[in-house]
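Protein chains: 2
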Amino acid sequence: MATMGRPREFDTEKALDKALDVFWRHGYEGASISELTQAMGISPPSLYAAFGNKEKLFHSALDRYAEVRKQVWTELMNEPTARKMMERLFDRVIEFYVDESNPNCCMLVKLSTAESDKVLAEHLCAKRAEAETMLVERFSKARADGELPDDVAPVDLAGYFMTVLDGLSVRASAGAKRDELHKVATLAMRGWPGK
Amino acid sequence: MATMGRPREFDTEKALDKALDVFWRHGYEGASISELTQAMGISPPSLYAAFGNKEKLFHSALDRYAEVRKQVWTELMNEPTARKMMERLFDRVIEFYVDESNPNCCMLVKLSTAESDKVLAEHLCAKRAEAETMLVERFSKARADGELPDDVAPVDLAGYFMTVLDGLSVRASAGAKRDELHKVATLAMRGWPGK
DNA sequence: GTACATCTGTAGCGCTCGTTACAGAACCTA
DNA sequence: TAGGTTCTGTAACGAGCGCTACAGATGTAC
Numbered sequence: 154m155a156t157m158g159r160p161r162e163f164d165t166e167k168a169l170d171k172a173l174d175v176f177w178r179h180g181y182e183g184a185s186i187s188e189l190t191q192a193m194g195i196s197p198p199s200l201y202a203a204f205g206n207k208e209k210l211f212h213s214a215l216d217r218y219a220e221v222r223k224q225v226w227t228e229l230m231n232e233p234t235a236r237k238m239m240e241r242l243f244d245r246v247i248e249f250y251v252d253e254s255n256p257n258c259c260m261l262v263k264l265s266t267a268e269s270d271k272v273l274a275e276h277l278c279a280k281r282a283e284a285e286t287m288l289v290e291r292f293s294k295a296r297a298d299g300e301l302p303d304d305v306a307p308v309d310l311a312g313y314f315m316t317v318l319d320g321l322s323v324r325a326s327a328g329a330k331r332d333e334l335h336k337v338a339t340l341a342m343r344g345w346p347g348k
Numbered sequence: 154m155a156t157m158g159r160p161r162e163f164d165t166e167k168a169l170d171k172a173l174d175v176f177w178r179h180g181y182e183g184a185s186i187s188e189l190t191q192a193m194g195i196s197p198p199s200l201y202a203a204f205g206n207k208e209k210l211f212h213s214a215l216d217r218y219a220e221v222r223k224q225v226w227t228e229l230m231n232e233p234t235a236r237k238m239m240e241r242l243f244d245r246v247i248e249f250y251v252d253e254s255n256p257n258c259c260m261l262v263k264l265s266t267a268e269s270d271k272v273l274a275e276h277l278c279a280k281r282a283e284a285e286t287m288l289v290e291r292f293s294k295a296r297a298d299g300e301l302p303d304d305v306a307p308v309d310l311a312g313y314f315m316t317v318l319d320g321l322s323v324r325a326s327a328g329a330k331r332d333e334l335h336k337v338a339t340l341a342m343r344g345w346p347g348k
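These protein sequences, in sequence, are chains Y and X. Under our numbering, the first residue of the first sequence carries the number 154, and numbering increases by one thereafter. Under our numbering, the first residue of the second sequence carries the number 154, and numbering increases by one thereafter.
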């Protein structure tokens, strides 16, 4: 049999995107149900029927954010050299941070420092670790290829660049312009292992 | 005449320190009056009589935080070379971030990304800028002394190291250990202008 | 002692929060 | 058409929020 009962009148994916935007800007506790429902264009009972409750909606939005980011990063990992990958990653991330159509920061960075709830913090931390793992693996490959020397651990290098990317998010949310962020990235690349 | 009326039964400075700790951990909106009064050991009317309201209390706590930090930084600026200063600054900041007696982050970094209120954000941004200005001035002096080459702008170098320090705060609040943070600092110093 | 000033805790204000009970509307099956 | 199922908006629940009116306690000034 097909779906019974009155059909849903809104697109759950589009509604989730709207919810993601609200959480991104105001955090979990800072986002109220009334603001969420208004942005999503639905009423509270529709939200609860479709997404469970506020916390489950947040987890769904967080998964969506991480999924989109992973797609972008995965494509960048295919650059021929790790160095070229890192340069392009900086460019992409900076453009993302200064894009006026979304909050000028990484959602994971912003919320991982802001939210005190343990379950939420662990979910945020896990998604952040995913990105770092991608860097570690790419740097490991670069070392195997002979692009990186043996005296620099891939995990340390990934930790360093993730730290700079996190810092860029902080500065972008404080209003830093594209040029400033690019100058930081240029100086950060001087830490690249050389001869 | 001396102070008239019933004397205050608590130490305003100690109470402010307790309030600072609560704001530091939970942010402005996340800190409730009930939690603040409990930590400060006073009742709501005492808080309002002594500090005005929640927002004014926050500004006072923020000023206190920035004042303490400025003292530490000022002493470090007297290192003979800018490079030595930066190395010691990294050490001090990392020890500060991993200190278990306070939240594992920079309050200004944590709250500048979290709070959406405009007045609060501007106050936080101003205090963050103070620290960066100290670095700019120290690097300018280093350039005049011949320690730094002319092809690297002090403002860019300061922006880079502030970005790393901000990133270290993000990682420390995510649970990074002392060793990880030190490795990041070591790699970050490779961006130091050299021959 | 009396009057005044200031601090103290209790108890409550109006408001918003996350969540849900309820009734009506819109679809399916038969 | 009749009955069952699920979505819809309205309206309200208890709880916690920032804040304060109030009365009592405790100091100084005269």
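Note that beta-carbon positions come from the ideal geometry of N, C-alpha and C, so glycine has one too. This one's a predicted model, so the numbers in the text were calculated from it and none came from an experiment.
Practice task
Taking Gly183 of chain X as the query, report the chain Y residues whose CB atoms sit under 7 Å from its CB, ordered along the chain.
Solution key: Taking the second sequence and counting its residues from 1, one reaches residue 183 of chain X at position 30. Per Cβ cutoff of 7 Å: Glu182, Ser269.
Handout entry: Closer than 8 Å at the beta carbon, the chain Y residues around Asp319 of chain X
Key = Here residue 319 of chain X refers to the residue found at position 166 when the second sequence is read from its first residue. What Asp319 of chain X touches in chain Y: Asp319, Gly320, Val323, Arg324.
Handout entry: C-beta neighbour in chain Y for Tyr218 of chain X, strict 8 Å
Key = By 1-based counting over the second sequence, the position of residue 218 of chain X is 65. Not closer than 8 Å to any Cβ of chain Y, the Cβ of Tyr218 of chain X fails to qualify, so no.
Problem - Test: Ser265 of chain X CB closer than 8 Å to a CB of chain Y - result: As a first step, residue 265 of chain X is located in the second sequence; it is residue number 112 there, counting from the start. At a cut-off of 8 Å between beta carbons, Ser265 of chain X contacts chain Y.
Exercise for the section: Grab the span of the alpha helix (DSSP H) containing Phe204 of chain X for me, first residue to last. Expected result: Here residue 204 of chain X refers to the residue found at position 51 of the second sequence. Residues 197–204.
Practice task
Taking Arg291 of chain X as part of the alpha helix (DSSP H), name the residues at either end of that continuous run.
Solution key: Taking the first residue of the second sequence as position 1, residue 291 of chain X is located at position 138. Note, Arg291 of chain X: alpha helix (DSSP H), 271–297.
Practice task
Out of X:Asp270, X:Ala338, X:Val262, state which residue places its alpha-carbon closest to the alpha-carbon of Trp177 of chain X.
Solution key: Numbered from 1 along the second sequence, position 24 holds the residue referred to as residue 177 of chain X. Here the closest residue by C-alpha is X:Val262.
Handout entry: Contact with chain Y by Arg343 of chain X, beta-carbon distance below 8 Å
Key = Residue 343 of chain X sits at position 190 when you count from the first residue of the second sequence. Under the Cβ distance rule, Arg343 of chain X counts among the residues neighbouring chain Y, one pair being separated by less than 8 Å.
Exercise for the section: Could you check the C-alpha separation between Gly299 of chain Y and Leu288 of chain Y for me, to the nearest Å? Expected result: Residue 299 of chain Y sits at position 146 when you count from the first residue of the first sequence. Residue 288 of chain Y sits at position 135 when you count from the first residue of the first sequence. Cα to Cα, Gly299 of chain Y sits roughly 16 Å from Leu288 of chain Y.
Exercise for the section: Indicate whether Leu277 of chain X and Glu268 of chain X have their beta-carbon atoms separated by less than 8 Å. Expected result: Within the second sequence, the letter at position 124 stands for residue 277 of chain X. Within the second sequence, the letter at position 115 stands for residue 268 of chain X. Yes, they are a contact pair.
Exercise for the section: Out of Y:Leu242, Y:Thr339, Y:Ala327, point me to the one whose CA is closest to Cys258 of chain Y's CA. Expected result: As a first step, residue 258 of chain Y is located in the first sequence; it is residue number 105 there, counting from the start. Relative to the Cα of Cys258 of chain Y, the nearest Cα in the group Y:Leu242, Y:Thr339, Y:Ala327 belongs to Y:Ala327.
Problem - Cβ of Arg281 of chain Y within 8 Å of any chain X Cβ - result: Taking the first sequence and counting its residues from 1, the one referred to as residue 281 of chain Y is at position 128. Arg281 of chain Y counts as touching chain X.
Problem - Check whether Gly312 of chain Y and Val317 of chain X have beta carbons under 8 Å apart - result: Residue 312 of chain Y sits at position 159 when you count from the first residue of the first sequence. Residue 317 of chain X sits at position 164 when you count from the first residue of the second sequence. Taking C-beta atoms as the reference points, Gly312 of chain Y and Val317 of chain X fail to come closer than 8 Å.
Handout entry: Whether Ile195 of chain X touches Phe163 of chain X by CB criterion (8 Å)
Key = Working through the second sequence from its first residue, we reach residue 195 of chain X at position 42. Working through the second sequence from its first residue, we reach residue 163 of chain X at position 10. Yes. Within cutoff.
Exercise for the section: Taking only the alpha-carbon atoms, compute the straight-line gap between Ser187 of chain Y and Lys209 of chain Y and give it to the nearest angstrom. Expected result: Locating residue 187 of chain Y in the first sequence gives position 34, where the first residue counts as 1. Locating residue 209 of chain Y in the first sequence gives position 56, where the first residue counts as 1. Near 16 Å, if we compare the C-alpha coordinates of Lys209 of chain Y and Ser187 of chain Y.
Exercise for the section: At 7 Å on the CB atoms, spell out the chain X contacts of Val151 of chain Y, in chain order. Expected result: Since the first residue shown for chain Y is 154 and the last is 348, residue 151 of chain Y is missing from the structure and cannot be characterised.
Handout entry: Environment of Arg281 of chain X [buried if 16+ CB atoms lie within 10 Å]
Key = Taking the first residue of the second sequence as position 1, residue 281 of chain X is located at position 128. Buried, because 16 or more other Cβ atoms sit within 10 Å of the Cβ of Arg281 of chain X.
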